[in-house]
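**Q** In order, the protein sequence lines correspond to chains A and B.
Start counting the first sequence at 1; every next residue gets the next number (UniProt numbering).
Start counting the second sequence at 1; every next residue gets the next number (UniProt numbering).
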Amino acid sequence: MSRYFTEDHEWIDVDGDTATVGITEYAQSQLGDIVFVEVPEEGKEVAKGDDAAVVESVKAASDVYAPVSGTVIEGNEALADNPALVNEDPEGEGWFFKLTLADTSELDSLMNDSAYQDYVSKL
Amino acid sequence: MSTINQSGWRPTTPQAGEASDISTFTGNRALMLEEALIFEIGSSETTGVDFGDVPAAPSRLGGLERSAEIGLPGLSEPETVRHYTRLSRQNYAIDLGLFPLGSCTMKHNPRLNERMARLPGFADIHPLAPVDTVQGALEVIDQLAHWLITLTGMQAVAMSPKAGAHGELCGILAIRSALDAQGQQDRKILLVPTSAHGTNPATAAFAGFSVEDIPATEDGRVDLEALKARLGPDIAGVMITNPNTCGLFERDMKAISDAVHAAGGYVYCDGANFNAIVGRVRPGDLGVDAMHINLHKTFSTPHGGGGPGSGPVVLSAALAPYAPLPFVEKDGDKFHLVEEETAGEHHAGTFGRMTAFNGQMGMFTRALTYILSHGADGLRQVAEDSVLNANYILRSMTDVLDAPFAKYGPCMHEAIFSDKGLPEGLSTIDIAKGLIDEGYHPMTVYFPLVVHGAMLVEPTETESKATLDQFIGAFRSVAARAKNGDPTIKTAPHFAPRRRLDETLAARKPVLAWKAPAQAEAAE
Chain A
1 MSRYFTEDHE
11 WIDVDGDTAT
21 VGITEYAQSQ
31 LGDIVFVEVP
41 EEGKEVAKGD
51 DAAVVESVKA
61 ASDVYAPVSG
71 TVIEGNEALA
81 DNPALVNEDP
91 EGEGWFFKLT
101 LADTSELDSL
111 MNDSAYQDYV
121 SKL
Chain B
1 MSTINQSGWR
11 PTTPQAGEAS
21 DISTFTGNRA
31 LMLEEALIFE
41 IGSSETTGVD
51 FGDVPAAPSR
61 LGGLERSAEI
71 GLPGLSEPET
81 VRHYTRLSRQ
91 NYAIDLGLFP
101 LGSCTMKHNP
111 RLNERMARLP
121 GFADIHPLAP
131 VDTVQGALEV
141 IDQLAHWLIT
151 LTGMQAVAMS
161 PKAGAHGELC
171 GILAIRSALD
181 AQGQQDRKIL
191 LVPTSAHGTN
201 PATAAFAGFS
211 VEDIPATEDG
221 RVDLEALKAR
231 LGPDIAGVMI
241 TNPNTCGLFE
251 RDMKAISDAV
261 HAAGGYVYCD
271 GANFNAIVGR
281 VRPGDLGVDA
291 MHINLHKTFS
301 TPHGGGGPGS
311 GPVVLSAALA
321 PYAPLPFVEK
331 DGDKFHLVEE
341 ETAGEHHAGT
351 FGRMTAFNGQ
361 MGMFTRALTY
371 ILSHGADGLR
381 QVAEDSVLNA
391 NYILRSMTDV
401 LDAPFAKYGP
411 CMHEAIFSDK
421 GLPEGLSTID
431 IAKGLIDEGY
441 HPMTVYFPLV
451 VHGAMLVEPT
461 ETESKATLDQ
471 FIGAFRSVAA
481 RAKNGDPTIK
491 TAPHFAPRRR
501 LDETLAARKP
511 VLAWKAPAQA
521 EAAE
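1) List the endpoints of the continuous beta strand (DSSP E) containing B/A415.
2) Start and end of the beta strand (DSSP E) containing B/C269?
3) On a Cα-Cα basis, can you pick out the residue from B/D486, B/S316, B/D419 that is closest to B/L449?
4) In angstroms with no decimal places, state the Cα-to-Cα distance between B/R508 and B/R230.
5) For B/F335 versus B/L138, is the C-beta distance shorter than 8 Å?
6) Can you tell me which of B/P308, B/D180, B/Y322 puts its alpha carbon nearest to the alpha carbon of B/A367?
7) Hey, how far is the Cα of B/R353 from the Cα of B/K188?
8) Can you check the segment 453-519 of chain B for any beta strand (DSSP E) of at least 3 residues that lies completely inside it and give the ranges in chain order?
9) Can you name, in chain order, every residue of its own chain whose Cβ lies under 8 Å from the Cβ of B/N28, other than the five neighbours on each side?
10) Could I get the ranges of all uninterrupted alpha helix (DSSP H) runs contained in the UniProt domain "Lipoyl-binding" (18-100) of chain A, with 4 residues as the minimum, in chain order?
11) State yes or no: is the C-beta of A/D33 within less than 8 Å of the C-beta of B/T428?
12) Does B/P161 pass the burial test, meaning 16 or more other C-beta atoms within 10 Å, or should it be called exposed?
13) Kindly identify the DSSP beta-bridge partner or partners of B/S210.
14) Apart from the five residues just before and just after B/H166, which ones in its own chain have a Cβ nearer than 6 Å to its Cβ?
15) Applying a beta-carbon distance threshold of less than 7 Å, which residues of chain A neighbour B/T504?
16) Quick check: is the beta carbon of A/P83 nearer than 8 Å to any beta carbon in chain B?
17) Which runs of the alpha helix (DSSP H) fall wholly inside the segment 358-397 of chain B and span at least 4 residues, in chain order?
18) For A/K122, does the count of other Cβ atoms within 10 angstroms reach 16, so buried, or fall short, so exposed?
19) I need the boundaries of the beta strand (DSSP E) containing B/M291, first residue and last residue.
20) Closest to B/M154 by C-alpha separation, out of B/V314, B/F417, B/V140, would be which residue?
21) Could you tell me the alpha carbon to alpha carbon distance between B/G439 and B/A30, rounded to whole angstroms?
22) Secondary structure at B/V400, three-state DSSP: helix, strand or coil?
23) Hey, how far is the Cα of B/A496 from the Cα of B/I22?
24) Could you tell me how far apart the beta carbons of A/L31 and A/S62 are, in whole angstroms, since I believe they sit closer than 8 Å?
25) So, at 6 Å on beta carbons, what are the nonlocal neighbours of B/L379 in its own chain, with the 5 sequence-adjacent residues on each side left out?
26) Count the other C-beta atoms from every protein chain shown that fall within 10 angstroms of the C-beta of B/F471, then say buried if there are 16 or more, exposed otherwise.
27) To which residues of the same chain is A/E45 closer than 7 Å at the C-beta, ignoring the five residues directly before and after it?
28) Counting C-beta neighbours from all protein chains within 10 Å, is the total for B/D430 16 or more, i.e. buried, or is it exposed?
29) Excluding sequence positions up to five away, which residues of its chain have a Cβ less than 7 Å from the Cβ of B/L224?
30) Where are the beta strand (DSSP E) runs, 3 residues long or more, that stay fully inside the segment 155-181 of chain B, in chain order?
31) How would you write the range of the alpha helix (DSSP H) that B/H83 sits in, first residue to last?
32) Would you grab the beta carbon distance between A/A19 and A/L101 for me? Rounded to a whole angstrom, and I think it's under 8 Å.
33) Under the three-state reduction of DSSP, which class applies to B/M32: helix, strand or coil?
34) Would you report the Cα separation of B/T13 and B/Q6, rounded to the nearest angstrom?
35) Report yes or no: do three or more beta-carbon pairs, one from the segment 321-339 of chain B and one from the segment 201-209 of chain B, lie closer than 8 Å?
36) So B/A492 packs on B/L422, CB below 8 Å; how close in whole Å?
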């Protein structure tokens, strides 16, 4: 399994043709306390860059983009009752949705961990 | 000698003593009064009106009668008056002090406006009254429309929209109609700068457009080159706020309009901040096709605390044929209303109607009073003073707070600061809460989104130098405390009726309606 990152501060864990998507530790620290998360429904088709989920903090509401194209197979139901999971464990329990990859070559344009850390350190 | 006063010795000079956190029996702290919710005081047996017994009448509700207590609060008249008077004392208002918030609530509402709006000929008329009987009111609408058209250099004005966002919708629907009339249904995208009011993209989406961001330049303005690069046959137009939400004048506005027009699109201007340029700049000269004017801001009609908004939309010659109904027209020396039945051939392109009637008559009267009492020269001074006051605050703060756009020149109507340079753990919210202790409503915080930890101060032209100096003194003091890491600012406010509130809990588990204690327990 390998983890990729986007410039919009999403992370993607890829296992075969299944990907799990969430927002990064940096993103949650910038957003502040998360108060609401809307995740996509199973079966929704998303193209790379589409709005896929919404995250709302005490400061602002933001869209979470689909980092790659695919079909949603599961949204994290736990976030509806407990959006604080995104603050507590953004890169684990606070995942947003899982999807089946449509085109694995799209992963090539994403960053790996060290490239992302480098990117964040320059912000 | 007369009778000796036997009332005893009464100390008349204060004794030295410790200031401490003494609690009181009532929870009141002298004139700062604790007041429970109206449902928590009084009794349903109490009433302000003494009704006789109502005779029992046979029910015709077929078993749908109410079976439980309705739960209305019960207070006598003096108790009711005291309840709301006590609550009002916990409020902050423009009539109490400077309102640094960058919004439409913060400007003095001249009392002359109120007097005119209460004249029976304006206040006591009905929108369905025969037009022959309301000629004076229609003349007010017509005169105000004339002023708005003249001040903006535009072709026409739709008076009926009820507030800023409603005005945006009016302008965008006019653009949609114009495009449809040209068979340009494929133009489905509106470009909106990243610093825009949130209502701009919301309006575009509501009217069926998709939205694309235009990036800002380093100095807080629209990136003209990026905008030009994006123009094409799929672009319906742009929505630009000018002066923008960074408090800056979009000096490329004419070039932006020319480029958008050349590419077949239209220019919507969010005129929320028109008070900074009224009498100085005519948006029509900058190529704007539609712009709403917040009468409740630029022309001082009351809004915060419940006054209705009013957002007339001025339109260019290109969009005027699509203006909504109804509107007032002068025919000889008589005014009449153009409505569906009479729009006929000379206004057949109208996109329809946005409101049942003619708009906010009470606000029209106030706005026209404001305009006439200032005159053209006075309105020009409104813009100049609002800009002068904002720059005075900006330049008085730059040694204690980071002002991201200050190095690029003067601001317009509002001064923007960021949280850059504050020690770890302290941020914009702490400065805002500190200002509450100083007796001020906080400024706008965390907007615009393009500035980190934004603090947006809009003093308006209403305030005198003495008032500004006092505010600056307080703002500097609070900012300096934050900069020096004073821990007491982290727990501010200390002197407000309530201390720091848990906004996260309030947002995650909002309690939106009062429930009787028994109900609330059952719901747990």
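For every residue, glycine included, the Cβ atom is placed at its ideal position computed from N, Cα and C.
In this text the structure is predicted, and so the values were computed from the model without any measurement.
**A** The short version:
1) 415-417
2) 266-270
3) B/D419
4) 39 Å
5) yes
6) B/P308
7) 23 Å
8) 455-457
9) E34
10) 25-31, 78-81, 85-88
11) no
12) buried
13) B/I189
14) G311
15) D33, V35, V58
16) yes
17) 361-397
18) exposed
19) 290-292
20) B/V314
21) 17 Å
22) coil
23) 16 Å
24) 7 Å
25) V278, G279
26) buried
27) T71
28) buried
29) D252, A255, I256
30) 156-158
31) 77-88
32) 6 Å
33) strand
34) 20 Å
35) no
36) Going by Cβ atoms, the distance from B/A492 to B/L422 rounds to 14 Å, so no, they are not a contact pair.
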